[in-house]
Amino acid sequence: MHHALRGAAFGLAIAAGFASPLAAKTLVYCSEGSPEGFNPAFFTAGTTFDATSRQVFDKLVQFERGTTKIVPGLAESWSVSEEGLEYTFKLRKGVKFHTSKTFKPTRDFNAQDIIFTFERQWKSDNPYHTVSGGAYEYFNSMDMPKLLKSIEAVDDYTVKITLNEPEAPFLANLAMDFMSVQSAEYADQMAKAGTQTKVDQEPIGTGPFQFVGYQKDAVIRYRANEAYWGGKAPIDTLVFSITPDASVRYAKLKAGECHVMAYPNPADLAAMKTDPTINLMSQEGLNVGYLAFNTEKAPFTDVKVRQALSMAVNRDAIIEAVYQGAGKKAKNPIPPTIWSYNDKVEDTKYDPEAARKLLADAGFPNGFETDLWAMPVQRPYNPNARRMAEMVQADWAKIGVKVKIVSYEWGEYLRRTKDGEHQTMLMGWTGDNGDPDNFLYVLLGCEAVGSANRARFCYQPFNELLIKAKRTPDVAERTKFYEQAQVVFKEQAPWLTVAHSVVYEPIRKEVKNYKIDPFGGHIFYGVDIN
Amino acid sequence: MFRFFLTRFSLIIPTFIGVTLLTFALIRLVPGDPVELMAGERGISPERHAELRAAMGLDKPLLVQYGDYILNVVQGDLGNSVVTRTPVLDEFMTLFPATIELSVCAILFAMIVGLPLGILAAVKRGSIFDHSLMGISLTGYSMPIFWWALLLILLFSVNLGWTPVSGRISVMYWVEPVTNFMLIDALLSDEEGAFSSALSHLILPAIVLGTVPLAVIARMTRSSMLEVLGEDYIRTARAKGLAPLRVVAQHALRNALIPVVTVIGLQVGVLFAGAILTETIFAWPGIGKWLIESVARRDYPVLQGGVLLVAAVIMIVNLLVDLTYGVLNPRIRHGGH
Amino acid sequence: MTVESQIDATPREPLPTARPPSAFGEFWHYFAQNKGAVAGLVVILIVTFAAVFADLIAPYSPNEQFRDAILQPPFWAEGGSFQYLMGTDDVGRDILSRIIHGARLSLLIGAIVVTLSLAVGVVLGLIAGFARGVTDVLIMRLCDIMLALPSLLLAIVIVAVLGPSLTNAMIAISLVVLPHYTRLTRAAVITELSKDYVVASKVSGAGVLRLMFITVLPNCTAPLIVQATLGFSTAILDAAALGFLGLGAQPPTPEWGTMLASAREFVSRAWWVVTFPGLAILITVLAFNLLGDGLRDALDPKLKR
Chain B
1 MHHALRGAAF GLAIAAGFAS PLAAKTLVYC SEGSPEGFNP AFFTAGTTFD ATSRQVFDKL
61 VQFERGTTKI VPGLAESWSV SEEGLEYTFK LRKGVKFHTS KTFKPTRDFN AQDIIFTFER
121 QWKSDNPYHT VSGGAYEYFN SMDMPKLLKS IEAVDDYTVK ITLNEPEAPF LANLAMDFMS
181 VQSAEYADQM AKAGTQTKVD QEPIGTGPFQ FVGYQKDAVI RYRANEAYWG GKAPIDTLVF
241 SITPDASVRY AKLKAGECHV MAYPNPADLA AMKTDPTINL MSQEGLNVGY LAFNTEKAPF
301 TDVKVRQALS MAVNRDAIIE AVYQGAGKKA KNPIPPTIWS YNDKVEDTKY DPEAARKLLA
361 DAGFPNGFET DLWAMPVQRP YNPNARRMAE MVQADWAKIG VKVKIVSYEW GEYLRRTKDG
421 EHQTMLMGWT GDNGDPDNFL YVLLGCEAVG SANRARFCYQ PFNELLIKAK RTPDVAERTK
481 FYEQAQVVFK EQAPWLTVAH SVVYEPIRKE VKNYKIDPFG GHIFYGVDIN
Chain C
1 MFRFFLTRFS LIIPTFIGVT LLTFALIRLV PGDPVELMAG ERGISPERHA ELRAAMGLDK
61 PLLVQYGDYI LNVVQGDLGN SVVTRTPVLD EFMTLFPATI ELSVCAILFA MIVGLPLGIL
121 AAVKRGSIFD HSLMGISLTG YSMPIFWWAL LLILLFSVNL GWTPVSGRIS VMYWVEPVTN
181 FMLIDALLSD EEGAFSSALS HLILPAIVLG TVPLAVIARM TRSSMLEVLG EDYIRTARAK
241 GLAPLRVVAQ HALRNALIPV VTVIGLQVGV LFAGAILTET IFAWPGIGKW LIESVARRDY
301 PVLQGGVLLV AAVIMIVNLL VDLTYGVLNP RIRHGGH
Chain H
1 MTVESQIDAT PREPLPTARP PSAFGEFWHY FAQNKGAVAG LVVILIVTFA AVFADLIAPY
61 SPNEQFRDAI LQPPFWAEGG SFQYLMGTDD VGRDILSRII HGARLSLLIG AIVVTLSLAV
121 GVVLGLIAGF ARGVTDVLIM RLCDIMLALP SLLLAIVIVA VLGPSLTNAM IAISLVVLPH
181 YTRLTRAAVI TELSKDYVVA SKVSGAGVLR LMFITVLPNC TAPLIVQATL GFSTAILDAA
241 ALGFLGLGAQ PPTPEWGTML ASAREFVSRA WWVVTFPGLA ILITVLAFNL LGDGLRDALD
301 PKLKR
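Pasting the structure below:
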């Protein structure tokens with residue numbers, strides 16, 4: 001067996017050995033799949049963002065690497081008006097767009113590029129609006145058309161954005177991948193040449209890496225942007241080796257054919273921990289897996305019932321069996337990597353005795369019958385909903401609650417639960433912009449009943465806190481509201497928060513300064529290899 | 001000849017229309033709402049839902065949808081991938097060369113090895129060589145090639161370290177895609193060693209994919225040779241005292257090869273089914289892997305368009321084989337067909 | 001094509017016995033000459049035995065996990081033990097037990113697929129052959145369409161619509177191989193229909209159904225039996241391929257192809273996890289192919305000469 005292991009490493013090394021060693025520093029990242037395309041505004045998958053917005057593009061404001069904190073990007077500074085409606089951005093000067101075979105920029109980045117980036121997605125009369133199929137799912141799903149009132153260039157390096165209503169999380173939206181700043185000049189040139197779709201296939205950005213080429217389903221290649229405003233990246237060439245099979249990725253990592261790999265097999269984690277050439281990093285992901293009670297249907301209208309059922313579930317066993325260790329018990333509806341996470345909240349204790357008593361108090365000494373919906377697919381926040389449902393079923397049976405497990409095809413499941421056909425259900429969420437609002441209001445606000453609020457939870461004291469937090473741009477003040485909201489959430493128990501799945505990132509020892517991105521991305525600016 | 005061509009061609013058209021019906025029906029039969037799937041956990045408002053359904057043409061009656069579909073197909077528009085939003089035809093065109101490259105190498109391998117073996121077996125009929133070759137060939141024919149691939153990887157890549165495990169070329173090379181045939185592109189590029197890297201990546205997949213055709217070709221060549229060797233004119237040649245090798249090479253081979261050519265042509269379907277498995281195992285970015293992934297990603301336009309294109313390619317190749325056979329063997333052309 | 005000895009064997013004189021040999025006797029006489037076919041038959045009998053008595057033969061349950069014996073090599077290799085003759089897989093299941101239970105699944109798949117496709121295919125073929133005209137054209141066109149696609153691809157498409165499962169994989173494979181039976185039956189029917197005995201039967205007023213199933217069908221059985229035997233091997237191979245692609249039986253079902261799919265990641269660490277399920281597929285498929293070839297030669301010596 002040891003022989004075979006060595007053999008594998010050797011075989012791969014030979015394979016790599018056919019290549020002449022490059023003098024320059026090349027970092028190879030074994031990614032899990034092909035990007036959907038090269039314009040991040042069209043898509044919603046992390047794989048696509050890894051290949052585009054996270055290497056090639058900049059945004060007005062960005063997240064500090066490894067955190068959800070917002071820092072200056074292409075905007076050096078910004079100010080928000082008193083009532084929270086006007087955002088004024090001072091843009092960075094002397095920023096250059098990439099140069100490619102088809103495009104040589106004649107001017108520096110300026111306000112026109114920002115306007116183009118917004119209007120392409122926003123205004124249906126923009127000549128680029130319908131290019132490449134033009135569906136801007138993220139722009140729409142983040143409600144940008146509803147929020148935006150106007151955008152104008154005050155001068156070449158000042159942009160003013162006016163909103164229809166105060167919305168503090170707006171700033172976080174601007175740091176999201178779909179707001180990657182595109183070159184207006186590139187778009188104009190391609191329009192003149194009649195090759196508009198090039199803009200979306202051969203991306204030109206201002207980011208730390210410049211796109212070199214893509215061999216479909218095999219390789220993407222980038223080279224460091226020498227003129228990057230934040231300083232040139234320590235590595236010279238970045239290669240994405242598209243390797244959908246997790247075990248092959250691991251073999252390549254061991255053999256040194258790649259330096260960083262995405263999404264390891266849970267089964268391989270133990271071996272990775274002990275491997276001296278590999279550094280296994282981990283962090284809670286920006287997600288939550290939960291069990292939602294339909295708060296509009298009896299008996300779940302009663303807080304006591306919801307609390308009793310929450311107490312009856314042994315979540316430690318679930319994390320062991322369903323997440324196989326790659327999960328952390330969740331006590332709040334937001335993960336601990338998000339600011340305003342309230343660590344003081346007391347977690348629900350597993351206590352079947354107390355649960356039975358509480359259920360009797362609520363008028364169900366002998367329990368009742370209900371259904372539990374389980375999604376048919378694997379999701380980042382829940383690797384096996386079916387098994388989780390079976391475990392909950394067994395736990396609830398102990399306090400007399402008989403459960404029928406219901407499952408539909410995924411699309412059907414989403415539709416029916418949105419309409420509230422279920423009594424209790426398993427669900428989850430992966431955050432978009434690291435703003436607490438993106439979890440709390442999107443999933444539990446009154447406005448979201450009938451869409452993402454599948455608990456159909458509309459509790460005025462809770463909702464008011466969220467609205468107040470939305471209206472104030474001051475982060476300290478918002479934090480207080482959200483901390484309070486988490487306490488109310490726990491009392492009301494519309495969900496049993498089950499777990500935050502843990503993200504593992506195996507990297508080779510020679511890789512320096514790699515940081516896990518709380519958004520689940522892979523960012524290679526600032527990373528070095530020895 | 002022209003009439004022969006026309007009759008054969010006219011037979012293809014109804015079959016092709018049938019395949020369009022099949023692929024069209026496929027997408028309607030799939031359970032679940034494609035719009036809802038796009039929206040995911042977030043959910044979607046009824047207005048936006050209706051808007052997207054309309055954009056996808058799902059709100060029209062089925063017959064109209066089929067009409068639109070056919071009209072588009074005729075114009076070469078097979079729709080866009082749900083995942084990448086690029087036209088299905090474009091994706092097919094980028095990936096098809098990879099599959100052709102692999103298949104051509106596989107069939108070449110099968111011919112180079114299979115023809116001589118089959119001839120030799122026929123000449124040495126009844127010998128141990130003949131018996132064992134036929135045994136091996138039936139084994140090859142029964143081979144689950146996905147397992148065969150794993151065995152070869154185990155031996156040559158893992159234990160011996162002679163060949164790479166997957167892909168078309170080492171990621172350390174950047175080869176500009178000119179023709180999308182990696183061997184050619186590697187030759188054209190100025191990167192040193194790119195060609196040998198591409199070649200080393202091709203060997204195992206080509207052997208795996210060539211295995212079943214190799215078995216078929218060897219068996220077919222043998223039996224076809226035996227038939228010809230039994231004919232009167234060969235016996236005469238032999239009786240005249242011509243050297244056996246000369247008899248085989250000059251007289252028998254040409255006539256024996258006619259049915260073999262047909263068999264090789266008919267391997268296209270087999271090759272394609274094999275390509276699905278081979279490409280998946282070796283991470284070979286071709287049509288087979290593309291289609292399997294489209295199933296996993298629920299990218300139904302790709303599955304629909306891809307299946308249609310594959311059917312078209314196979315039908316055209318079969319037509320060409322028919323025509324070649326017609327040219328080689330005039331009896332067919334003037335016969336009852 | 002496998003039975004070389006038969007190619008130049010001169011037609012044998014009937015054995016000088018008092019009674020003419022029975023049909024079966026004659027068949028067996030030809031069949032037994034073919035060592036390969038007999039070997040195939042023996043293997044199939046062994047596999048069938050293992051499948052029927054899997055619960056008694058298999059040392060363990062196919063799904064029992066021995067957590068203290070994960071990825072143990074087979075008994076002759078270093079670190080192996082007689083407890084697990086073929087070793088264990090990544091969660092400590094006994095591979096031998098899984099293979100024995102897999103035999104049950106594979107034969108079941110073969111049987112169901114052949115029965116389904118044979119039944120439907122033959123009926124369609126009979127209808128096409130008897131009705132001729134528009135019905136015939138329609139049925140045969142349908143067959144053409146299905147044959148225009150590689151069978152594995154068509155099966156994948158059908159499974160994509162129905163959803164991945166063992167049942168759906170069997171349905172898909174049955175549909176895909178069905179046209180072969182239809183074509184075969186139709187061709188045989190058309191040949192038989194022109195023969196005197198059928199004409200005689202018609203004249204004496206036999207009904208269509210009687211003609212189909214009692215007069216004509218028994219005379220087409222030889223090629224159908226051969227095709228059905230070979231159909232077993234196709235069904236087993238295709239089901240395993242679908243399982244391997246994740247579109248057939250779902251884990252932890254001990255189906256051989258599915259076992260191989262989950263074994264893929266151990267190719268560099270545990271050769272036995274990869275080797276044995278594939279070997280089981282190969283041996284079984286080969287046995288059916290040998291038997292099919294032997295049957296073809298024995299049932300229809302004309303086909304051979």
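Protein chains in written order, with full-length UniProt numbering: chain B, 1 to 530; chain C, 1 to 337; chain H, 1 to 305.
Ideal placement from N, C-alpha and C gives every residue a C-beta, glycine not left out.
Check, Outcome
"Segment limits, alpha helix (DSSP H) that includes Tyr413 (chain B)", "410-418"
"Val527 (chain B) vs Pro333 (chain B) beta-carbon contact at 8 Å", "no"
"Residues that Arg264 (chain H) contacts on chain B, provided the C-beta gap is smaller than 8 Å", "Asp245, Ser247"
"C-beta contact flag for Glu41 (chain C) and Gly428 (chain B) at 8 Å", "yes"
"Proximal chain H residues relative to Pro259 (chain C), where beta-carbon distance stays under 7 Å", "Correct list: empty, because the minimum Cβ distance to chain H is about 12 Å."
"For Val288 (chain B) and Ala493 (chain B), believed in contact at Cβ under 8 Å, the rounded distance", "So it is not a contact: roughly 14 Å between Cβ atoms."
"Backbone secondary structure at Lys357 (chain B) - three-state DSSP", "helix"
"Beta-carbon proximity list for Val327 (chain C), same chain, < 6 Å, skipping 5 on both sides", "none"
"Where the stretch 403-429 of chain B meets chain C: residues whose CB sits under 8 Å from a CB there", "Glu409, Trp410, Gly411, Glu412, Leu414, Arg415, Lys418, Met427, Gly428, Trp429"
"Own chain partners of Thr284 (chain H) with C-beta closer than 7 Å, once the 5 adjacent residues on each side are dropped", "Val47, Ser106, Ile236"
"Residue environment, Arg254 (chain C), which counts as buried when at least 16 other CB atoms sit within 10 Å", "exposed"
"DSSP bridge partner residues for Asn318 (chain C) (one or two, in chain order)", "Its beta-bridge partners do not exist; DSSP assigns none."
"Neighbour list for Lys509 (chain B) in chain C, Cβ cutoff strictly below 9 Å", "Chain C residues near Lys509 (chain B): none, gap ~20 Å exceeds 9 Å."
"Phe16 (chain C) versus Phe27 (chain H) - alpha carbon distance", "43 Å"
"Inter-stretch contact at 8 Å, needing at least 3 Cβ pairs: the stretch 89-104 of chain B / the stretch 177-193 of chain B", "yes"
"Which residues DSSP lists as bridging Arg379 (chain B), in chain order", "B:Asn382"
"Simplified DSSP state of Ile70 (chain H), which is helix, strand or coil", "coil"
"Contacts that Ala251 (chain B) makes with chain H (C-beta to C-beta distance below 7 Å)", "Ser268"
"Identity of the residue in B:Asn463, B:Asp419, B:Pro436, B:Ser340 nearest Pro46 (chain C) by Cα", "B:Asp419"
"Counterpart residues of Glu505 (chain B) in DSSP-defined beta bridges", "B:Met281"
"Within-8 Å CB hit, Ala256 (chain C) to chain H", "no"
"Reference Met170 (chain H), options H:Ile190, H:Asn34, H:Asp297, H:Ala111, closest by Cα", "H:Ala111"
"Beta-bridge partners of Glu86 (chain B), as assigned by DSSP", "B:Thr162"
"Inter-residue spacing [alpha-carbon to alpha-carbon] between Ala39 (chain C) and Met56 (chain C)", "14 Å"
"Phe232 (chain H), buried or exposed, once every other Cβ within 10 Å from all chains shown has been counted against 16", "buried"
"Burial state of Asn513 (chain B), where buried means 16 or more other Cβ atoms lie within 10 Å", "exposed"
"Backbone secondary structure at Met176 (chain B) - three-state DSSP", "coil"
"Residues of its chain near Tyr173 (chain C), where Cβ-Cβ distance is below 7 Å and the 5 sequence neighbours each way are ignored", "Glu191, Ala194, Ser197"
"Secondary structure of Lys149 (chain B), DSSP reduced to three states", "strand"
"Length of the line joining the Cα atoms of Phe276 (chain H) and Ile99 (chain H)", "8 Å"
"Identity of the residues DSSP links to Ala75 (chain B) by a beta bridge", "B:Leu91"
"Minimum C-alpha distance to Glu202 (chain B) - residue among B:Val56, B:Val345, B:Phe139", "B:Val56"
"Spatially closest choice to Asp347 (chain B) from B:Tyr381, B:Met311, B:Lys357, B:Ile319, by CA coordinates", "B:Met311"
"The ligand GTP heavy atom lying under 7 Å from the CB of Gly230 (chain B)", "Among the components modelled here there is no ligand, and therefore nothing to report on the ligand GTP."
"Distance, Ser407 (chain B) Cα to Lys69 (chain B) Cα", "38 Å"
"Inside the stretch 47-87 of chain C only - alpha helix (DSSP H) runs reaching at least 4 residues", "62-74"
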